[in-house]
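Here is the structure we will look at.
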Amino acid sequence: MPAETSHIRVNPHSTLIVRGPASARVLEGAVEVYGYSPGQKERIVVKPWRSLPFYSEEGAVVEVLLGEGGGAEVVEGSTIPQEWVDVASGLGSRFRIMVIGRVDVGKTSLLTYLYNRLVTGGGIAVADLDVGQSEICPPTTMGLAVGTKPAASLSTLKPEAIYSYGYTSPTYSIKDSLRTARDLASSIEGLNRVLVNTDGWIDHERAKNHKSQLIEILKPSHIIFIGINDHGEMDETAAKVGAEVINIHEPRLVMRRDQEARKQIREMNYTRFLRGARLVSTPRRWIKITPLILDSIPIEDYLKAVIREMEKAAVERAPLIEGLDMSVAELGILSYVNVQGRRAQGLALFMGIDDKSLARIYTPYQGPIQELRVGSLVLSASFKEVYTYLPPEPQ
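Per my numbering, residue 1 is the first one in the sequence shown, and the count goes up by one each step.
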């Protein structure tokens, strides 16, 4: 279906909300997107299941191209809550801000606004700990990016480092989630202008304990809670690290996404970070290959366990697997290239070991591969989620 093009007039003191898939560019006047001012004719892309607000103080005409499922509407006033404006105005030149809230409450939108308001005072590091719905790094990882100029979306920032975790939620392994966060935290130890995003798991005592430990690891100067009344032990930990606690309401206009939409967003991000992948076959003995979570287990035994569990779960393409070679079935385990600590140089799909003892690795990474840490998430060759392997608890 071809994109639908329309020219939309935005009255003064009004906001054009564009829902993706879509793109927009200003033809007349001026707009702001979370504090970012796009240039005339600059095209802003709005991804599927996302929305962006184009606020105009004096009026504007915006050309909007809508893909299938996209939409646009004009509302009066600004959609930026006054609380956000007040928070940004009250911050000094040195800060480490952590935002905590449930899913779909505007955490990323708030961070984008704060980034644009504060980046004019100097570069800002953005640490994204949301292993499922990250803006700057692939799912199953935590990431770090540094920006020096305003942006319509944090996804335009190039990740300087990604840290392998292996799952799309901290609930799979809280211990490994915290270990990954510690590795990331060590790399920003000397930075004093940092924004920290977190995942939306917050409504249970274990979740609050997890966030409390993240507070202790990251040591923020400010913690912004969005729509959370019961902080549990997080308040005590905030006081321990000397963080100022700020409570704000959920914004009135937030795009809600169901589990299927969130899954499809993840799959788009796998595609983004694995684009240009090629199949590399290398003698198994030339590369150190170990499981990320169970690094004491030989990779051959780990592969057997993953394949066995997929067969038990009746994964559609599992019967096509030949021995330890998953490439014939067009399946691979999301893996991490040349990992130091938890910091990885790239992503790959480990497709197993063939009958000639060749490791089959599907990756866009161009440099030499000396080590591969194999995760727990099985993807298809078209980067669709197929299966998540949960290793047995150690005895």
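Where a beta carbon is used, it is the ideal one built from N, C-alpha and C, also for glycine.
Contact between VAL99 and ILE188 does not hold, since their C-beta atoms are separated by about 16 Å, which reaches or exceeds 8 Å. Distance from the CA atom of PRO364 to the CA atom of ASN11, rounded to whole angstroms, is 46 Å. Here GLN133 is buried. Its C-beta has 16 or more other C-beta atoms within 10 Å. Only residues of its own chain outside the window of five on either side were considered, and among them ALA318 have a CB closer than 6 Å to the CB of GLU311, listed in chain order.
Taking C-beta atoms as the reference points, GLY29 and GLY59 count as a pair closer than 7 Å. Scanning its chain for C-beta atoms nearer than 7 Å, with the 5 sequence neighbours on each side dropped, one finds around GLU309 the residues TYR389, in chain order. A residue is called buried once 16 or more other Cβ atoms fall within 10 Å of its Cβ, and GLY200 is buried on that count. In this structure, PRO21 is the residue among GLU32, LEU27, PRO21, GLU57 with its C-alpha nearest to the C-alpha of VAL45. Counted as a single uninterrupted DSSP element, the beta strand (DSSP E) harbouring VAL196 occupies residues 193-197. Leaving aside the five residues that flank ARG342 on each side, the residues in its chain whose CB is nearer than 6 Å to its CB run, in chain order, TYR163, SER164, THR180, ASP183. Sequence-distant Cβ neighbours of ARG256 in its own chain, meaning closer than 8 Å and more than five residues away, are ASP104. Beta-bridge partners of ARG25 (DSSP): GLU63.
Taking the Cα positions, ASN269 is about 32 Å away from LEU91.
Looking at ALA151, LYS211, LEU144, ASN197, the one whose alpha-carbon comes closest to that of SER186 is LEU144. Around the C-beta of ASP130, 16 or more other C-beta atoms lie within 10 Å, and the residue is accordingly described as buried.
In this structure ASP176 is in contact with ILE293, their Cβ atoms being roughly 6 Å apart against a cut-off of 8 Å. Nearest C-alpha to PRO220 among ASP203, PHE383, ALA127: ALA127. By DSSP's assignment, GLY143 forms a beta bridge with ASP128, ILE162.
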